[in-house]
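Participant: So for the sequence shown, the numbering used here puts the first residue at -6; every next one is plus one. The C-beta atom is built at its ideal place from N, Cα and C for all residues, glycine as well. Next up is a structure, given as structure tokens.
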Amino acid sequence: MTKNKNHEAMWQAYFKEHAYLEQTAGWQLALEGVLREALDPVAFPDQSLWQDMTKDGLPLLQHADLQDRITAAAAEAFPRVISQLLTSEALVMPDVMRQALCGMEHLKGAQNVFAALCRQDDASIRSLAETHAIPETSLRLFGWAVLGALVPEEAKDASLWEALGWKRNYCPVCGRPPVLAVLRKEQQGRARFLVCDGCHTVWPYARVGCAYCGNQDLEKMKVLEPEGEEEMRLDVCEECHTYLKTYQGGKQRDPKVPDGPDVSEIIYRHDWATLHLDLLAQEQGLVKRGSVLLAAAPVFDEGEEK
Ligand SMILES: [Zn+2]
Ligand SMILES: [Zn+2]
-6 MTKNKNHEAM
4 WQAYFKEHAY
14 LEQTAGWQLA
24 LEGVLREALD
34 PVAFPDQSLW
44 QDMTKDGLPL
54 LQHADLQDRI
64 TAAAAEAFPR
74 VISQLLTSEA
84 LVMPDVMRQA
94 LCGMEHLKGA
104 QNVFAALCRQ
114 DDASIRSLAE
124 THAIPETSLR
134 LFGWAVLGAL
144 VPEEAKDASL
154 WEALGWKRNY
164 CPVCGRPPVL
174 AVLRKEQQGR
184 ARFLVCDGCH
194 TVWPYARVGC
204 AYCGNQDLEK
214 MKVLEPEGEE
224 EMRLDVCEEC
234 HTYLKTYQGG
244 KQRDPKVPDG
254 PDVSEIIYRH
264 DWATLHLDLL
274 AQEQGLVKRG
284 SVLLAAAPVF
294 DEGEEK
């Protein structure tokens, strides 16, 4: 309970400096809250099997039986969740969102939609959205919000994936490319972790180089440090013209545990909390990747580790 109170105060402080985010944040956080209450995570195979399941680069949710289980659970829960979202008092949404939700309430063949999302099958997602006359971005947004809530918390933990030795540039749980990165203090300097926008898993990755194309040539990497946002920087790759928002540590630490975990990382792990930095990057012609709103070719071919 105290933890939630602390988090609330932290968000309030953040909104003071970023007033334009308050509306977006309001419904995004309410959405998270409603889904957390409404959904129980699906049963994953025993944790002792995860290392073996992922050793050839196939993320957990790309295993057919688990994918079937989570997409079936999502499809089964979807009508109930949508009607809860529509009647939630905490959730004040823009009208377009509300209309999209109404359109999704009686979605036929929902399991196909969730399976297409899991497979990152952009062509199917587009055609399913058209068939059901639902904006594609809404389908992606709410679809992933539900899938993410069905993934057990223990699977999202960076230290677990560190122990299991996952070092690829896509999510070990669902297979999506990262949406942003966080640097964490470790015994020897700082280590880089990538964050999934779909299921919110965090996993370790090489400290330098491009997390999208694997470019290691530092001459072709540059760092943009936006004014007034010292917690975040943009790692730009001139090879593939992408950027990766990277959280480099915050001012706010829990005063009771000054050496404890960096609590403001919780804010910055939300992609939408720094949308203003995306605008800045896109003004410079850089390409965003990894957001659930965007179509993106899957990267989880069981190929070589980058
Ligand atoms: Zn994921
Ligand atoms: Zn690159």
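Along the chain, where does the beta strand (DSSP E) containing Trp43 start, and where does it finish?
Facilitator: As a working mapping, residue 43 is identified with position 50 in the sequence shown. Note, Trp43: premise wrong, no beta strand (DSSP E); alpha helix (DSSP H) at 43 to 47.
Participant: How far does the alpha helix (DSSP H) with Tyr261 in it extend, from its first residue to its last?
Facilitator: Translated into the one-based positions of the sequence shown, residue 261 becomes position 268. Unbroken alpha helix (DSSP H) run through Tyr261: 258 to 261.
Participant: In three-state terms, what does DSSP make of Cys230?
Facilitator: For the purposes of this step, residue 230 is taken as the residue at position 237 of the sequence shown. Strand, per DSSP.
Participant: For Gly26 and Asp210, I'd like the C-alpha separation in whole angstroms.
Facilitator: Taking the first residue of the sequence shown as 1, we reach residue 26 at position 33. Taking the first residue of the sequence shown as 1, we reach residue 210 at position 217. About 42 Å.
Participant: Could you pull the start and end residues of the alpha helix (DSSP H) that Val27 belongs to?
Facilitator: Mapped onto the sequence shown, residue 27 falls at position 34. Its alpha helix (DSSP H) spans residues 15 to 31.
Participant: Quick one: complete beta strand (DSSP E) runs, 3+ long, within the stretch 202 to 230?
Facilitator: Within the stretch 202 to 230, the beta strand (DSSP E) runs of at least 3 residues that lie entirely inside it are, in chain order, 214 to 217, 225 to 230.
Participant: Which one of Arg62, Gln55, Asp61, His99 has the shortest CA to CA distance from Ser76?
Facilitator: For the purposes of this step, residue 76 is identified with residue 83 of the sequence shown, where counting begins at 1. For Ser76, the nearest C-alpha among the options comes from His99.
Participant: In the structure shown, what three-state DSSP assignment does Trp159 receive?
Facilitator: For the purposes of this step, residue 159 is identified with residue 166 of the sequence shown, where counting begins at 1. Trp159 falls in the coil class under three-state DSSP.
Participant: For Ala174, which beta-bridge partners are listed by DSSP?
Facilitator: On the sequence shown, position 181 is the one that residue 174 refers to. Note: Ala174 sits in a beta bridge opposite Leu187, Thr239.
Participant: Between Gly296 and the rest of its own chain, which residues show a CB-CB distance below 8 Å, the 5 nearest in sequence each way excluded?
Facilitator: The residue labelled residue 296 in the question sits at position 303 within the sequence shown. The predicted model places Gly296 with a pLDDT of 45, which falls under 50 and marks its position as unreliable; any figure quoted below should be read in that light. Correct list, in chain order: Gly50.
Participant: Going by other Cβ atoms of all chains shown within 10 Å of its Cβ, with 16 needed for buried, is Val139 buried or exposed?
Facilitator: Here residue 139 is taken as the residue at index 146 of the sequence shown, counted from 1. By the neighbour-count rule (16 or more Cβ atoms within 10 Å), Val139 is buried.
Participant: Can you determine whether any heavy atom of ligand 2 sits closer than 8 Å to the C-beta of Glu147, and answer yes or no?
Facilitator: In the sequence shown, residue 147 corresponds to position 154, counting from 1. Answer for Glu147: no, Cβ out of range of ligand 2.
Participant: Sorted by chain position, which residues of the same chain lie with C-beta nearer than 6 Å to Tyr7's C-beta, five sequence neighbours on each side aside?
Facilitator: Within the sequence shown, numbered from 1, the residue matching residue 7 stands at position 14. Taken in chain order, the residues that qualify are Ile260.
Participant: Does ligand 1 have a heavy atom nearer than 8 Å to the CB of Thr64?
Facilitator: As a first step, residue 64 must be located in the sequence shown, where it is residue number 71. Outside the cutoff, so no.
Participant: Which residues in the same chain as Val144 place their Cβ atom closer than 7 Å to its Cβ, once the five residues preceding and following it in sequence are excluded?
Facilitator: What you label residue 144 is simply residue 151 of the sequence shown in a count that begins at 1. Only Pro34, Val166, Cys192 meet the Cβ criterion.
Participant: What do you reckon, is the C-beta of Tyr205 under 8 Å from a heavy atom of ligand 2?
Facilitator: Here residue 205 refers to the residue found at position 212 when the sequence shown is read from its first residue. Yes, ligand 2 has a heavy atom inside 8 Å of this Cβ.
Participant: Output the distance between the C-alpha atoms of Lys281 and Tyr205, rounded to the nearest integer angstrom.
Facilitator: Here the question's residue 281 lines up with position 288 in the sequence shown. Here the question's residue 205 lines up with position 212 in the sequence shown. Taking the straight line from one Cα to the other gives about 10 Å.
Participant: Within this structure, are the beta carbons of Leu28 and Ala156 separated by less than 9 Å?
Facilitator: The residue given as residue 28 occupies position 35 in the sequence shown. The residue given as residue 156 occupies position 163 in the sequence shown. Cβ distance not < 9 Å, so Leu28 and Ala156 don't count as in contact.
Participant: For Gln113, count the other beta carbons within 10 Å of its own beta carbon; 16 or more makes it buried, fewer makes it exposed. Which is it?
Facilitator: Within the sequence shown, numbered from 1, the residue matching residue 113 stands at position 120. With 16 or more Cβ atoms within 10 Å of its Cβ, Gln113 is classed as buried.
Participant: Counting Cβ pairs closer than 8 Å, one from the stretch 1 to 16 and one from the stretch 58 to 73, do we hit at least three?
Facilitator: With the cut-off at 8 Å, the stretch 1 to 16 and the stretch 58 to 73 do not touch.
Participant: Please go through the same chain and pick out, in chain order, the residues whose beta-carbon is closer than 6 Å to the beta-carbon of Ala184, but skip the five residues on each side of it.
Facilitator: For the purposes of this step, residue 184 is taken as residue 191 along the sequence shown, with counting starting at 1. Excluding residues within five positions, the ones whose Cβ falls inside 6 Å are Arg177.
Participant: Within 10 angstroms of its Cβ, does Leu78 collect 16 or more other Cβ (buried), or is it exposed?
Facilitator: Start at 1 with the first residue of the sequence shown, and residue 78 comes out as number 85. Counting Cβ neighbours within 10 Å, Leu78 comes out buried, since at least 16 surround it.
Participant: Please work out which residues of its chain come closer than 8 Å, Cβ to Cβ, to Thr47, disregarding the five sequence neighbours upstream and downstream, and give them in chain order.
Facilitator: The count along the sequence shown starts at 1 and reaches residue 47 at position 54. Result list for Thr47: Leu53, Leu157, Trp159, Pro165, in chain order.
Participant: Report the rounded CA-to-CA distance for Val312 versus Glu146, giving the unit in angstroms.
Facilitator: Limits of the chain in this structure are -6 at one end and 299 at the other, which puts residue 312 out of reach.
Participant: Under the three-state reduction of DSSP, which class applies to Pro52: helix, strand or coil?
Facilitator: For the purposes of this step, residue 52 is taken as residue 59 along the sequence shown, with counting starting at 1. DSSP places Pro52 in coil when its eight states are reduced to three.
Participant: Under the three-state reduction of DSSP, which class applies to Val89: helix, strand or coil?
Facilitator: Numbered from its first residue, the sequence shown carries residue 89 at position 96. When secondary structure is reduced to three states using DSSP, Val89 falls in the helix class.
Participant: Is Val229 closer than 9 Å to Leu268 when the C-beta atoms are compared?
Facilitator: Position 275 of the sequence shown, counted from the start, is the residue given in the question as residue 268. Position 236 of the sequence shown, counted from the start, is the residue given in the question as residue 229. Not closer than 9 Å, so no.
Participant: For ligand 2, I want to know if Thr235 counts as a neighbour, meaning its beta carbon is within less than 8 Å of at least one of the ligand's heavy atoms.
Facilitator: Within the sequence shown, residue 235 is the residue found at index 242, counting from 1. Correct: Thr235 has its Cβ closer than 8 Å to ligand 2.
Participant: What number of angstroms, rounded off, separates the C-alpha of Val175 from the C-alpha of Met225?
Facilitator: The residue given as residue 175 occupies position 182 in the sequence shown. The residue given as residue 225 occupies position 232 in the sequence shown. C-alpha separation (whole angstroms): 9 Å.
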